[in-house]
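Single-structure report; data block below.
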Amino acid sequence: MSLLVVGLSHRSAPVSVLERASLNADAKAKLLHDTLAAEPAAEATVLATCNRIELYADVDKFHAGVSELSTLLAQHSGVALEELTPYLYVHYEDRAVHHLFSVACGLDSMVVGEGQILGQIKDALALGQELHTAGRLINDLFQQALRVGKRAHSETGIDRAGQSLVTFGLEQLAVHLPVREWAVGKRALVLGAGSMSSLAAATLARVGFAEIAVANRTAERAERLAEILVASGTGVAARAVAMSAAADELTRVDVVVSCTGATGLVLTADDVAAAVSRGSAAHTSAGPDDRGSDPDPAPQTPTGLDGVVARLVAAADGGRRRLADAGAVRVLAAVPEGDGCPVGDGRAAIAGVDASSLELHGTWADQGEAAAQRQPRRGVRAQVDGVAVRLALLDLAMPRDIDAAVHRIPGVRLVDIESLAEASADAPMAADVDAVRGIVTEEVAAFGAAQRAAHITPTVVALRAMAAEVVAMEVARLDGRVPDLDERQRAEVTQTVRRVVDKLLHAPTVRVKQLASEPGGAGYAEALRELFDLDPQTVASVSRADAADQNDDSGRAS
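Structure, rendered in structure tokens:
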């Protein structure tokens, strides 16, 4: 196994770089085709979400692979390599497996324990299968990552350590109030009708919003989402509005949640300022005390809620935006030179160092991030510049939908990906996180052992095939020398020779599989080929046939 991952995420890059480096569907497909066309890569897939872009590949040369994958990421993201390089991280072999498994469990997410990344990992695998760029290693790795993620959520309470990104964002808007108490009777505008926006709408209805307006560029999808919300049984009033009317709608609502696929701003600072100015005199956000409503209404039955969420996600057919993998950006504190990082800035940071130095760079970067997390963070205020909050905005899109300058407008509070990152870094780490880390460590070891054992299997199969050929040749020779043997005698002699060969090969082949599964066991397959003078072409043909069978099974399973 020569697995290599080169990428950047909310842990390594600022929002501005992630926004510019985002990949659309066409760019992802071209990236994968070009990766396979490059000499070092035999198979690959890309995990591209709102908060991370990671290229996974099976390479035969480490340095060439790092250089080529980094260059391809820069070309297809549109960010110059010199600018992108300082934010890239590299993981190789077992470290790469550990990284993906941690991502799958939500340990690398902005909100620890977020489970939506599993859907994005499944999409990355499906893309590789669809484009025929995912081979045996990528299939094994990503399918195992999905199993590890599901195991972490089923065997631990990691879900309690983290929350959905929407819920977490609403908690930041509500500040010191429980979300249900803060949300009762409020009116919201949801921008977008894809999977993420649908989940946001479901959350708003569940926590007690009285009215939800849905704006989308495709009117039919907005209307469909509004109809499902009305039929959800939560009591929310929902309606569809034209995206062109979104700015006017700001005068009628208390909260905006936005997650569209737009490449530019959906709401500008001027839009928000004009709406606040027009609506501040006429609009009064009623609180729980003057509505006579129960501030903590009884929750809906699990069956009804689960059904609503499922239908909302299904309603977003055709949309590829999913709940971000709870990711955001932490701006790393500057670390003085000489603090021990073996990798500098620029292209040399990627192409000119060995694997161990790059691994040390990962450790150094983690230390830099820890230093950054110790820096004071700005809190979310109950008032903005001494003015009561008139409009609360939650921007979950990447690139951003809402102009960051709106935070300067009196009476406006903005929570976006960056501020969510700051808030989540202060969340306490539960014991469940340690349990999940233990699961990841265990699964990485098991995956490595299985891959190493699988690597020697074609050699063992080729050895047994050679032994069977020797038996057949010797039986044929016996037929020529002793032609008077009847069928029964001939069968008995043949069976005896086969048993002798099987017994001689049994212990060595079982033992070599055990040795090969241990760390450092990669050389046993080569030793076996040398000892028995096996034809490399025969071994390679067995490997190709086995990989083809597995890919067929993976395609059917997906």
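Numbering that gives the first Met the number 0 numbers the first residue of the sequence shown as 0 and each following residue consecutively.
Note that CB positions come from ideal geometry on N, CA and C, so glycine has one too.
Model, not experiment: these values are computed from the prediction.
Practice prompt. Please confirm whether L3 and V58 have their CB atoms less than 7 Å apart.
Written response: yes
Fill in: Three or more C-beta pairs below 8 Å linking the stretch 174 to 186 and the stretch 218 to 230
no
Worksheet item: Is Q494 buried or exposed, if buried means 16 or more other CB atoms sit within 10 Å of its CB?
Response: exposed
Practice prompt. Indicate whether A212 and M242 have their beta-carbon atoms separated by less than 7 Å.
Written response: no
Practice prompt. Would you list, in sequence order, the uninterrupted alpha helix (DSSP H) runs of no fewer than 4 residues that lie entirely inside the stretch 422 to 491?
Written response: 430 to 480
Worksheet item: Does the beta-carbon of R498 have 16 or more other beta-carbons within 10 angstroms, so that it is buried, or is it exposed?
Response: exposed
Practice prompt. Please say whether L264 and D402 have beta carbons closer to each other than 7 Å?
Written response: yes
Worksheet item: Which stretch, first to last residue, makes up the beta strand (DSSP E) that contains V5?
Response: L2 to S8
Item to complete: Please list, in chain order, all residues of the same chain as D270 whose beta carbon is under 6 Å from its beta carbon, the five residues on each side excluded.
Response: A246
Worksheet item: Taking only runs of the alpha helix (DSSP H) that begin and end inside the stretch 152 to 208, which ones reach a length of at least 4 residues, in chain order?
Response: 157 to 160, 164 to 173, 178 to 182 and 194 to 206
Practice prompt. Please classify S276: does DSSP put it in a helix, a strand, or coil?
Written response: helix
Worksheet item: At which residues does the alpha helix (DSSP H) containing D33 begin and terminate?
Response: A24 to A36
Discussion item. Would the stretch 123 to 133 count as touching the stretch 27 to 41 if we require 3 or more Cβ pairs under 8 Å?
Written reply: yes
Worksheet item: So what does DSSP say about N215, is it helix, strand or coil?
Response: strand
Worksheet item: Does DSSP classify A381 as helix, strand or coil?
Response: Only weak support exists for where A381 lies, its pLDDT of 46 falling under 50; the coordinates are left without a value.
Item to complete: Give the single residue among V5, S21, H9 and R10 whose Cα lies nearest to the Cα of P398.
Response: S21
Worksheet item: What is the DSSP secondary structure of I116, reduced to helix, strand or coil?
Response: helix
Item to complete: Would you list the residues sitting across from R238 in a DSSP beta bridge?
Response: A212
Worksheet entry | Continuous beta strand (DSSP E) stretch holding H62: start and end | Note, H62: premise wrong, no beta strand (DSSP E); alpha helix (DSSP H) at F61 to S76.
Worksheet entry | Residue span of the alpha helix (DSSP H) that contains L83, given as start and end | L80 to L83
Discussion item. Do L46 and S69 count as a contact pair if the criterion is CB distance below 7 Å?
Written reply: no
Item to complete: List the endpoints of the continuous alpha helix (DSSP H) containing L130.
Response: Here L130 belongs to no alpha helix (DSSP H), and DSSP marks it neither H nor E.
Worksheet item: On the three-state DSSP scale, how would you describe D107?
Response: coil
Item to complete: Return the Cβ separation of L106 and R463 in integer angstroms, given the expectation that the two are a contact with Cβ distance under 8 Å.
Response: Rounded, the Cβ-Cβ distance is 42 Å, inconsistent with contact.
Discussion item. Can you tell me where the beta strand (DSSP E) holding V255 begins and where it ends?
Written reply: V254 to S257
Fill in: DSSP state of A261 mapped onto helix, strand, coil
coil
Fill in: For L198, the nearest candidate out of L228, R179, V102 and D139 (CA to CA)
L228
Discussion item. Based on DSSP bridge pairs, tell me the residues matched to D57.
Written reply: L2 and E42
Practice prompt. Count the other CB atoms, across all protein chains shown, that sit within 10 Å of the CB of E53; report buried if there are 16 or more and exposed otherwise.
Written response: buried
Worksheet item: Hey, A56 and A40: beta-carbon distance below 7 Å or not?
Response: yes
Practice prompt. Taking the CB atoms as reference points, tell me whether V189 and A200 lie closer together than 7 Å.
Written response: yes
Worksheet entry | D394, DSSP secondary structure in three states | strand
Worksheet item: Bridge partners of A420, per DSSP?
Response: Per DSSP, none; premise fails for A420.
Item to complete: Measure from the C-beta of E81 to each C-beta in chain B and report whether the shortest distance is under 7 Å.
Response: In the displayed structure, chain B is absent; only one protein chain is listed.
Fill in: P177, buried or exposed, once every other Cβ within 10 Å from all chains shown has been counted against 16
exposed
Worksheet item: Between which two residues does the alpha helix (DSSP H) containing R412 stretch?
Response: Counting along the chain, R412 falls outside any alpha helix (DSSP H), though it belongs to the beta strand (DSSP E) covering V411 to V414.
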